[in-house]
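Chains A and B supply the protein sequences, listed in that same order. Using the numbering used here, you'd call the opening residue of the first sequence number 1 and step up by one each time. Using the numbering used here, you'd call the opening residue of the second sequence number 341 and step up by one each time. Backbone N, C-alpha and C fix where the C-beta goes; we use that ideal spot for every residue, glycine too. Being a predicted model, the structure only gives us computed values, none of them experimental. Here's the structure we're looking at; comments come further down.
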Amino acid sequence: MSRRLDTLTELLGPAVIVILVGALATTASASNEVYFLNALVFVAIVVAIYVFVGISGVLSFGQISFVAVGAFAAGVMTVPVDSKKGVLTSVFPLLRDHSVGNVPSLLLAAGLGGVFAFVVGLPLMRLSGLAAGIATFAVLEITHNVLREWTKIGPGATTLALVPETTGALQATLGALVAIVVAFLYQRSRRGRLLRASREDPAVARSVGVNIHLERLLAFTLSGALAGFAGALYVHLLGSITTEQVYLELTFLTLAMLVVGGLTSLWGAVIGALGVSGLDSFLSRAEQSHVHVVLTFTLWQGTRLVFLAAIMALVLILRPSGLTGGRELRLRWSLRRGRG
Amino acid sequence: MGDPAPASGIEGRPEDILRASAVSRSFEGVQALQDVTLELHSREVVGLVGPNGAGKSTLVNVLTGFDLPTSGTVELRGREITGWSAHRRARSGLTRTFQHSRSLRALSVRENVEVAALGVGVGAREARRRAQELLGRLGLTELADVRAGSLAQGDERRLGVARALVTEPAFVLMDEPAAGLPEAEVPEFAEVVRSVRDDHRAGVLLIDHNMALVMGVCDRIHVLDQGRTLAAGTPEEIRGDLNVAAAYLGETAVATDA
């Protein structure tokens, strides 16, 4: 009975907190709302990364590639056709002459992210540890440069503007919930359990029939699809985007969120995304203008990232498994009585 | 005694045999295994003994797909499986346990066993049923919800056996399962090994330095020294073999604290 309750808590904990943040967004002033929406989109991105990095234990610096692909695919395909002739002059005619609606653009982004991750994962998922980290970083670099230079598929180095801003409180909340539910279902599934086993000890997992390469590839693909989807949410939140916004800083920020929250649990991914993005928003405002917290102060440019990086390092030193200890949310009494 | 002896008293149908034929493995010029031939039948326990560095673990790795032989072949139930991956062998009924305590440490004892069943393709419900039953049989029911990483040595070894058995293997290769086990728990573990043979009808290849355990539970014993087969036979035959005494029994004094 308590085992069933644990299952329920594992899903409902993250879901309820996301819904709360979504509800807060609707009560916030117009200038503050964007911080809540930002946090919810970050939940989707970090959960997408968690599906691969958290469950497999293989480090990837490349998941933001799939966010970038999703963001630009959804962005380019939703700029109204009339506006495209002005701002996306050199793209392929197919892209120039067609646009799709909001929901199709989210699905398209998810599909492209998944396909791209699968293709990249085929050779890469044979690697692990340091080699995997470096090779996935190479994927980020390649993706970034292709998106920045190839003006047949997008705006190149210029800003992609005029993207419909459809990610309001409802879409941000639902989007984060979709990511959470998919991640939950996956980690509870046979495949998710096998991948987690391989994370704990690859040799033991192989000795009981786990095909580690296959399981990692599937998770990488699912993670890529979720990341693409989250990228679409992101571009529909921002309304305009450059390739720099889905590159190194976002990679660092989202990995910091995952590490701070706790790499190995969905709960950790959600808590880390909400906590760190809240802090990030506060600091970036403090960089731009006066903030009143007991004293009135303004921060120097760059303080934000210095501070966030220091926090990530501190968490790694003091609490290596993150704020949640890398565990799923459990109700206290069920913990004491044990599962089952 | 120099040649590997045939199986004692057990008629081998090919579907009941795991066989390494003339297997060699060298690592950068060092010959870890040289021309070793070994047969393991269902429902027997074969001891694999020899001093450290004799090639015992290498042989287990080659048999289970964690390493590939430089030459020679491995056959499982009449099919050649020399190049098969470890996970494919596990799904075909050949699994192993590991030297030292190795578990899926952050997972519960129950999940360790259930996930092993899932690994070989068993459905979730059936995996749960099998795990429940095996945990009971191995005396781990009380510990089902404990993290595997916090188990005591003896419990951890039995968990390793449970994880192997839940896959319903035809052959289980155990790499030093009793190492580090308190002496008082060895007889109990010997019972577990016998039960794998008698109740689960699996063939067991048992590497261990504990001669009391090996002599007590094994139907046959295969002695390796410097990568070669030094002797093979029943425990009585091996006990009387002078070569073995020289190569191995001198080692046991060293091995007891290993």
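For residue 236 of chain A, the enclosing alpha helix (DSSP H) starts and ends at 212 to 238. With a contact defined as Cβ atoms closer than 8 Å, residue 510 of chain B and residue 434 of chain B qualify at about 7 Å.
Under a criterion of Cβ atoms nearer than 9 Å, no residue of chain A is adjacent to residue 422 of chain B; the nearest Cβ is some 17 Å distant. Fully enclosed beta strand (DSSP E) runs of no fewer than 3 residues occupy 543 to 547 and 560 to 565 of the segment 518 to 572 of chain B, in order along the chain. Cβ atoms of residue 95 of chain A and residue 155 of chain A stay farther apart than 8 Å, at about 11 Å. Proximity of residue 388 of chain B to chain A, defined by a Cβ-Cβ separation below 8 Å, is not satisfied.
Interface criterion met: the Cβ of residue 200 of chain A is under 8 Å from a Cβ in chain B.
Boundaries of the beta strand (DSSP E) harbouring residue 359 of chain B: 357 to 367, taken from the DSSP string. Among the residues of the segment 393 to 419 of chain B, those with a Cβ less than 9 Å away from any Cβ of chain A are 404, 405 and 406, in the order of the chain. Nearest Cα to residue 419 of chain B within the set B:518, B:569 and B:359: B:359. The alpha-carbon of residue 398 of chain B is positioned some 14 Å away from that of residue 548 of chain B. The beta carbon of residue 382 of chain B sits closer than 7 Å to the beta carbons of 356, 510, 541, 542 and 543 from its chain, once the five residues preceding and following it are set aside; these are given in chain order. With a threshold of 8 Å between beta carbons, residue 204 of chain A makes contact with chain B. Taken atom to atom, the span from the alpha-carbon of residue 33 of chain A to that of residue 24 of chain A is near 8 Å. The alpha-carbon of residue 564 of chain B is positioned some 10 Å away from that of residue 374 of chain B.
By the Cβ neighbour-count rule, residue 93 of chain A is exposed, with fewer than 16 other Cβ atoms within 10 Å of its own. Per the C-alpha coordinates, the member of A:81, A:120 and A:85 positioned closest to residue 101 of chain A is A:81.
Residue 452 of chain B sits away from residue 430 of chain B, with the two beta carbons spaced by 8 Å or more. Here residue 19 of chain A carries a helix assignment [DSSP, helix/strand/coil]. Under the Cβ criterion of 8 Å, residue 102 of chain A is not counted among the residues facing chain B. The criterion of a C-beta distance shorter than 8 Å is satisfied by residue 229 of chain A and residue 44 of chain A. With fewer than three CB-CB distances shorter than 8 Å, the segment 251 to 260 of chain A does not count as touching the segment 144 to 151 of chain A. Interface annotation for the segment 58 to 74 of chain A against chain B: empty, criterion Cβ-Cβ distance under 9 Å. In the three-state DSSP reduction, residue 98 of chain A falls in the coil class, being neither helix nor strand. Taking the Cα positions, residue 308 of chain A is about 11 Å away from residue 281 of chain A. Boundaries of the beta strand (DSSP E) harbouring residue 411 of chain B: 411 to 416, taken from the DSSP string. Within a 10 Å sphere around the beta-carbon of residue 105 of chain A sit 16 or more other beta-carbons, which makes this residue buried. Rounded to the nearest whole angstrom, the CA to CA distance from residue 277 of chain A to residue 193 of chain A is 29 Å. Fewer than three beta-carbon pairs drawn from the segment 161 to 177 of chain A and the segment 243 to 250 of chain A are found closer than 8 Å, and the two stretches are therefore not classed as touching. When DSSP reads this structure, residue 371 of chain B sits in a beta bridge with B:366. Among the residues facing chain B, residue 209 of chain A is included, as its CB has a counterpart in that chain under 8 Å away. A straight line joining the alpha-carbon of residue 575 of chain B with that of residue 384 of chain B spans about 13 Å. Around residue 286 of chain A, the same chain offers 299 as residues with beta carbons nearer than 6 Å, after the five sequence neighbours per side are excluded. Secondary structure in the segment 157 to 207 of chain A: no beta strand (DSSP E) run of 3 residues or longer lies completely within the stretch. Chain B has a Cβ within less than 8 Å of the Cβ of residue 190 of chain A. Annotation: residue 461 of chain B is outside any alpha helix (DSSP H) and is labelled neither H nor E by DSSP.
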